[in-house]
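**Student:**
What follows is the structure, given as structure tokens:
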């Protein structure tokens, strides 16, 4: 029987309660969760002092004691920028999480309808979670003292 593996991906620049809620929901519905921290040189996280390596390290530390959650890093520096390059991004992401379709049933947990559509078009199962907290990483980056 295939293991249900949730994938939660994003820049996590910074990690916030909405991200944590999505990861927790994925853990409740699947056997394990792969959190994929993605980004590229000069991305929006790096612009506020959160390099891809730093974000990866913070999230890996946040979930370090969680045996159901693994964290990996996806460097998009040499990939076409969103929304181009979905297939290249997906291929690299699947390699990063060591995806084996004979052993795993992947379910992507996403917070954006565009991501859900792209993944569904490629025959992946998705779960869309609308924002519950009225906050986004963009809002935090733009006004960190408020959040």
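In the UniProt record's numbering, the protein residues as written are 1 to 147.
C-beta: ideal position from N, C-alpha, C; glycine also.
Source: prediction; values computed, not measured.
I'd like the list of long-range same chain contacts for residue 37, defined as Cβ closer than 6 Å, with 5 residues on each side in sequence excluded.
**Tutor:** By one-based count along the chain shown, residue 37 stands at place 37. Closer than 6 Å at the Cβ level, and outside the excluded window around residue 37, lie 12, 55, 56, 59, 73.
**Student:** Who pairs with residue 105 in a beta bridge, going by DSSP?
**Tutor:** As a first step, residue 105 must be located in the chain shown, where it is residue number 105. Note: residue 105 sits in a beta bridge opposite 4.
**Student:** Just list the residues that DSSP pairs residue 125 with in beta bridges.
**Tutor:** The count along the chain shown starts at 1 and reaches residue 125 at position 125. Looking at the DSSP assignment, residue 125 forms a beta bridge with 107.
**Student:** Could you work out which residue in 44, 27, 8 is closest to residue 139 when comparing CA atoms only?
**Tutor:** Taking the chain shown and counting its residues from 1, one reaches residue 139 at position 139. The candidate whose alpha carbon is nearest that of residue 139 is 44.
**Student:** Can residue 111 be considered in contact with the ligand ZN, in the sense that its beta carbon sits closer than 8 Å to one or more heavy atoms?
**Tutor:** Looking for the ligand ZN in the displayed structure turns up nothing, as the structure carries no ligands at all.
**Student:** Is there contact here, the region 60 to 68 with the region 95 to 102, by at least three beta-carbon pairs under 8 Å?
**Tutor:** At 8 Å Cβ cutoff, the stretches do not touch.
**Student:** In chain order, what residues of the same chain lie with their CB nearer than 8 Å to the CB of residue 126, ignoring the 5 residues before and after it?
**Tutor:** By 1-based counting over the chain shown, the position of residue 126 is 126. Contacts found: 107, 108, 109, 110, 115, 116, 119, 120.
**Student:** Starting from residue 32, trace the beta strand (DSSP E) in both directions and tell me its first and last residue.
**Tutor:** Within the chain shown, the letter at position 32 stands for residue 32. Start and end: 32 to 39.
**Student:** Taking 9 Å as the cut-off, decide whether the C-beta atoms of residue 7 and residue 93 are in contact.
**Tutor:** Position 7 of the chain shown, counted from the first residue, corresponds to residue 7. Position 93 of the chain shown, counted from the first residue, corresponds to residue 93. Yes, the pair counts as a contact, with Cβ atoms nearer than the cut-off.
**Student:** For my contact list, residue 51 and residue 31 are in at a C-beta cut-off of 8 Å; report their separation, rounded to the angstrom.
**Tutor:** For the purposes of this step, residue 51 is taken as the residue at position 51 of the chain shown. For the purposes of this step, residue 31 is taken as the residue at position 31 of the chain shown. Actually they are not in contact, since the Cβ atoms of residue 51 and residue 31 sit about 31 Å apart, beyond 8 Å.
**Student:** Could you tell me which of 18, 42, 34 sits nearest to residue 77, measuring between CA atoms?
**Tutor:** Residue numbering aside, residue 77 sits at position 77 when the chain shown is read from its first letter. Of the listed residues, the one whose Cα sits closest to residue 77 is 42.
**Student:** Per DSSP, what kind of secondary structure is residue 9 in: helix, strand or coil?
**Tutor:** Start at 1 with the first residue of the chain shown, and residue 9 comes out as number 9. Correct three-state label for residue 9: strand.
**Student:** Here's the rule: buried if 16 or more other CB atoms are within 10 angstroms of the residue's CB, otherwise exposed. What is residue 155?
**Tutor:** For residue 155 there is no data in the structure shown, the boundaries of the chain being 1 and 147.
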